[in-house]
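First the structure, in the form of structure tokens, and then the observations on it.
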Amino acid sequence: MKRILAPVILITLGFSASATTMQSAADRIINQVDPATNIGISVVDLTTGETLYQRNSNRSFIPASNMKLFSDAAALMALGPDYHFQTKLTTNAVSLENGNLNGSVFIHLPGDPSLTQDEVKDLLRELSEWGVRNIHGNVVIVSNNRAVDAYAPGWVTKDLKYSYGAPLAPLVLDENRLTVTANPADKPGLPALVELSSPSGITINNQAKTNATGKGCGVGLNMNQDNVLTVSGCVGVGQWSVQQRIAILNPLRYAQEVVRTQLTELGISLNGQVILGNGTGNELLIATHNSKPITELMADTLKPSDNLYADSLFLHAAAKIHGTPLNWQDAQKVVKTFLQQQTGVNLQNAVLTDGSGLSRQDLLTPEQTVGLLKFLHQKFPLSYEYIAALPIAGIDGTLQRRLKLPSQKGLVRAKTGTMTGIIGLSGYLYTANAHTLAFAIFINRTPKTNPNAAGKYRYLVDALCAFFLKQKPQNAIYGGENPHGILSIHQKPTQIQLQRSHRAKWRNIETSIKAALRGQPVTILYRGDYLVLNDNNSDANRVLSALQNLRKKTPFAIALEDRTPPSGSRNQLLWVKANPKGRVWTIKEVV
């Protein structure tokens, strides 16, 4: 496809282009790929107000994650850029005497998608600061999402077990997602070693085995409504550990166990239960946790295309506009009316079933999408926050690996959209003569075509963006330096590239250590940015010798928990005197 597109893109380089010229040239790009493509496009020059290109711009398409442009816009306008979710800890207790709190404790959850169990523990720690040792009552979780259906209408059942299909109700904690790591044991035939990012409230049914090799191996994960996680398949000795994220299907049970565990760790006994319920309306505030501001949560939504964050912002914006929490159907009406009133964009035929775009019932036109982008670009109090939250071509988010040539990098800020049979891209781009264009490109498969066929059209979408980047629209004069000049920052690796390189380094260290210790009674646990080695050798020097050889090539730091340090290990490691059941090595970053 690239060989077909390249000559067409090059024909307009260096020329001042009219809308008519661009219309015919862009049509040729599309027609050479597939003239029957079900594609809708709208491109507007925000510098001049001129419409540069249209094709089926008023046709309704399933937008996939381009819907997030609308949900985040609603949150930004309804809540404000400096808005924070507030999670509150309160009590209706009538007395606190000798460590006994006589009454219940309430955790008020506003629907913050970023709330973690560590932040909840910080709230509960305030009870310890007050001297509470016993709660003679319940811990009541008061969630704004209590009456909301866990999934929006139109979500596909097969998506629900994956991390991107995590439920929104009755509450959100730790993003209602879990990271599962399956490590091989040190010998074939033994069970794989399964670790969870948070074991609270999750029961593991481990059926995964360790094989002599990784050939033909794979790991399957299946969680039921009781939060029983079945791990099946196999991992090979010496193979990389397998790491996947999955949805927690029963968030309430998970949260209940988290709270119970945290109270125990804080030395607080609970004489009642952890329940989902309502507040009394007459409680004493103990502590408050503020989330990051909406502007940062927007970036956390749009750049990685996070469905749970988008739907949380959608529902919370609807609740704030209406005054009370709403289920999906009513939230759609409220958000749709609000956006239409605020922006002037006609959304009469739009369908905003959810905020994430995961629903197959969502419908938008390219013209409606560009209308929203145009409005936000023109509103100075909103524009910079909104545009800054979008993925940047060649730099971050879902565009990090797209449009990454020096002449393209950093010059497109747009939201991707991808589902089976669907692809889209909408946002802003900067032309060769410093015009800012708002654009929306949607492709949906047509009936009787391969449902996966739209995947190949990603190259067409990128080719169209590359084409418009090179244009010099008429009706404006720009006499400054080349707006596409390469900045020094773009010649350096991005943070995402550095993070990817960091992960690759630790995967390489994992592989090297497994190869060096193969056959020894040592299990190796991968923890993302460090490794833990459970050593059952009689002599610690067997492992130490191997580690010393390996770190000559790739430096890393070593800590050892053992009764005594190995001979000759002075200045080679941090020895932590301990009496563990087995010797434990920790391999970490060296600074």
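Note that the sequence shown covers residues -19 to -1, 1 to 572 in mature numbering (1 follows the signal peptide of the UniProt record, and there is no 0). Note that the Cβ used here is the ideal one computed from N, Cα and C, for glycine as well. Just so it is clear, the structure is predicted and the values come from calculations on it, not from any experiment.
Return helix, strand or coil for R551, following the three-state DSSP convention.
-> coil
Mind pulling the alpha helix (DSSP H) runs of 4 or more residues that sit fully within the segment 347 to 427?
-> List check, alpha helix (DSSP H) in window: 347 to 359 and 361 to 369.
So, D377 versus I494, is the Cβ gap smaller than 8 Å?
-> no
Three-state secondary structure (DSSP) of P232 = helix
Cross-strand partners of S213 (DSSP beta bridge) = G201
Put N271 into one of helix, strand or coil per three-state DSSP.
-> strand
Straight-line gap, Q329 to L344 (C-alpha atoms, nearest Å) = 11 Å
Contact check, A370 vs A280, beta carbons under 8 Å = yes
Span of the alpha helix (DSSP H) around F448 | R439 to L450
Throw me the rounded Cβ distance for the Q206 and N231 pair, which I believe falls under 8 Å.
-> About 5 Å separates the two Cβ atoms, so the contact holds.
Extent of the continuous beta strand (DSSP E) to which W136 belongs = Where W136 is concerned, there is no enclosing beta strand (DSSP E), given that its DSSP letter is neither H nor E.
Where the beta strand (DSSP E) through N530 begins and ends | N530 -> not in any beta strand (DSSP E); alpha helix (DSSP H) instead, spanning N522 to L531.
Since G408 contacts K390 with CB under 8 Å, what's their CB separation in whole angstroms?
-> At roughly 15 Å, the Cβ-Cβ gap does not stay under 8 Å, so G408 and K390 are not in contact.
Could you tell me which residues DSSP pairs with N83 in its beta bridges?
-> S76 and H117
Residue interval of the beta strand (DSSP E) (run including N190) | Correcting the residue type first, residue 190 is Lys in the shown sequence and not Asn. K190 to N192 is the span of the beta strand (DSSP E), which, as asked, contains K190.
Opposing strand residues paired with L345 [DSSP bridges] | F42
For L265, count neighbouring Cβ atoms within 10 angstroms of its own Cβ and tell me buried if that reaches 16, exposed if not.
-> exposed
For P172, which residues of its own chain have a beta-carbon under 6 Å away from its beta-carbon, when the five flanking residues on both sides are left out?
-> N187
Which residues bound the beta strand (DSSP E) around L541?
-> First-last of the beta strand (DSSP E) with L541: A538 to D543.
Of the choices R551, T504 and Q237, whose alpha-carbon is the least far from that of Q529?
-> R551
Over the uninterrupted alpha helix (DSSP H) stretch that includes W487, give me the two end residues.
-> Q476 to A497
Who are the near neighbours of S95 in its chain, counting only those whose CB is closer than 6 Å to its CB and skipping five residues on each side?
-> S272
Do you know how far the Cα of N126 is from the Cα of P306?
-> 7 Å
Assigned exposure category for T110 - 16 Cβ within 10 Å defines buried | Here residue 110 turns out to be Glu, not Thr, going by the sequence shown. It counts as exposed.
Is P474 buried or exposed, if buried means 16 or more other CB atoms sit within 10 Å of its CB?
-> The residue in question, P474, is exposed, as its Cβ has fewer than 16 Cβ neighbours within 10 Å.
What number of angstroms, rounded off, separates the C-alpha of K451 from the C-alpha of H465?
-> 9 Å
What is the C-beta distance between N47 and G338, in whole angstroms, given that I count them as a contact (C-beta under 8 Å)?
-> 6 Å
Counting only the same chain and skipping the five closest in sequence on each side, list residues whose C-beta sits under 6 Å from that of F66.
-> P91, D93 and S272
Inspect the CB distances between the segment 504 to 514 and the segment 417 to 427 and report whether three or more fall short of 8 Å.
-> no
Based on Cα-Cα distance, which residue from V25, E366 and A444 lies nearest to R383?
-> Nearest of V25, E366 and A444 to R383, Cα basis: A444.
If we ignore side chains and look at the alpha-carbon of each, how far apart do V216 and K190 end up?
-> Just so you know, the alpha carbons of V216 and K190 end up roughly 7 Å apart.
Going by beta carbon distance, what residues of the same chain come within less than 8 Å of P387, once the five residues before and after it are set aside?
-> I467 and H471
V(-12), DSSP secondary structure in three states | Caution is warranted here: a pLDDT of 40 is assigned to V(-12), below 50, making its placement in the model unreliable, and the coordinate value is therefore given only provisionally. In the structure shown, V(-12) sits in a helix (DSSP, three-state: H, G or I).
Whose CA, out of W487, K533 and E348, lies closest to the CA of F42?
-> E348
Mapping DSSP to helix, strand and coil, what is M(-19)?
-> Note on M(-19): pLDDT 41, under 50, position unreliable in the model; the coordinate value appears next. In this structure, M(-19) counts as coil in the three-state DSSP scheme.
Spell out a yes or no on whether the segment 100 to 107 and the segment 121 to 137 are touching, meaning 3 or more CB-CB pairs, one atom from each, closer than 8 Å.
-> no
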